[in-house]
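S.K.:
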Amino acid sequence: MNASAIAARVAAGLAAATASATAWADSEPVRWQLNMPEGVTRTAENAYNMHMLMLWICVVIGVVVFGAMAVAMVKFRKSKGAKPDVEFTHSTKLEIIWTVIPILILVVMAVPATTKVIEQYDAKGHEMTVKVTGYQWMWRYEIVGEDVNFISRLDRESDRIRQSGEKPSAEQAPHYLRDVDNVLVLPTDTKIRFVITADDVIHAWWVPALGWKQDAIPGLINEAWTEIKQPGTYRGVCAELCGKDHGFMPIVVKAVPRAEYEAWLTAQKAGDLAEAARIAATAPAAAGGEG
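In structure tokens:
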């Protein structure tokens, strides 16, 4: 492969990575993706903004440190007659400066990071609560106060393929091992509180596009919250090793406008699972499509 072809591929990869960072409703990894995804919630935005702040601070520090090293190696090398400067290497003033500056940098980094972490755990003002319970190897979702309670597990086609030893095709299983039989449908532009626990061993409920991960521990209830801005399908996994089928308990969250959510909720309450599944499958996913 010649240099121009390699350069073209790299340019295409960088373009794809940039596009993926601005359209994360797609929540699937993209080839040549170089940066952290932005997510579709305020928590995810906070994490992305802190990531970018830390990145640029590190870039500036790297440029200063390696720039100084390069200047020192070129300008003060022995072949040019340079000699060690005893006063420079034992300067109290310099030692104070390079101690104080890192402390100031850490303070600049710590203040926004602490603020955003506190916000991440502040579920006050939520409009609804979802209880999530982990089992080996499935999830139970309960819309608290709405008499809606259901199990979500790996979809049957993925389960059949994995146990048969077949090689899955994109047409046969477009989201192999990433689909479930019952999708968790949530309304957009709604502050939702999650209470998360487990019934047997430790699990962890993780949907990357939502911007957080929370452990599900037997006997304990952990709390988190989200407010999804963009309609779409967001996929996740159990992120805590929980047994032999740990890799086969995916999470699928479908975020829809409030009207579609209310229709799904009504169907769930009425026990019309076919209608609930139809609404979840056909509800619009503007702003990015499926992940």
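Going letter by letter, the sequence shown gives residues -25 to -1, 1 to 266 in mature numbering (1 follows the signal peptide of the UniProt record, and there is no 0). C-beta: ideal position from N, C-alpha, C; glycine also. Fair warning: this is a prediction, and the values are worked out from it, not measured in the lab.
#1: Report the rounded CA-to-CA distance for T16 versus K91, giving the unit in angstroms.
#2: Tell me the residue span of the beta strand (DSSP E) that contains K229.
#3: Can you check DSSP and say which residues form a bridge with M113?
#4: Are the CB atoms of G218 and V158 nearer to each other than 8 Å?
#5: Excluding the 5 residues preceding and the 5 following T(-4) in the sequence, name in chain order all residues of the same chain whose CB lies nearer than 6 Å to its CB.
#6: Do you know how far the Cα of E250 is from the Cα of D190?
#7: Excluding the 5 residues flanking A255 on each side, which residues of the same chain have their C-beta closer than 7 Å to its C-beta?
#8: If I'm right that D134 touches V155 with Cβ under 8 Å, what's the distance once you round it to whole angstroms?
#9: Taking M113 as the reference, give the member of V35, R233, G211, K58 with the closest Cα.
#10: Using CA coordinates, which residue listed in V40, F223, N124, G100 is at the minimum distance from Q138?
#11: Alpha carbons only, please: which of Q205, V83, I136, V170 is nearest the one belonging to A199?
#12: How many whole angstroms separate the CB atoms of L185 and A22, which I take to be in contact at a CB cut-off of 8 Å?
#13: Is it buried or exposed for A187, if we count other Cβ within 10 angstroms and need 16 for buried?
#14: If you follow the alpha helix (DSSP H) that H150 is part of, which residue opens it and which one closes it?
#15: Run through the stretch 199 to 254 for me and flag every whole alpha helix (DSSP H) of 4 or more residues, listed as ranges in chain order.
M.R.: So, to answer that:
#1: 13 Å
#2: 226 to 231
#3: Y110
#4: no
#5: Note that T(-4) scores a pLDDT of 36, beneath 50, so its modelled location is shaky and nothing firm can be said.
#6: 32 Å
#7: V158, V160, K229, W239
#8: Going by Cβ atoms, the distance from D134 to V155 rounds to 11 Å, so no, they are not a contact pair.
#9: G211
#10: F223
#11: V170
#12: Incorrect: roughly 10 Å between the Cβ atoms, too far for contact.
#13: The question names Ala, but residue 187 in the sequence shown is Trp. That one is buried.
#14: Where H150 is concerned, there is no enclosing alpha helix (DSSP H), given that its DSSP letter is neither H nor E.
#15: 233 to 244
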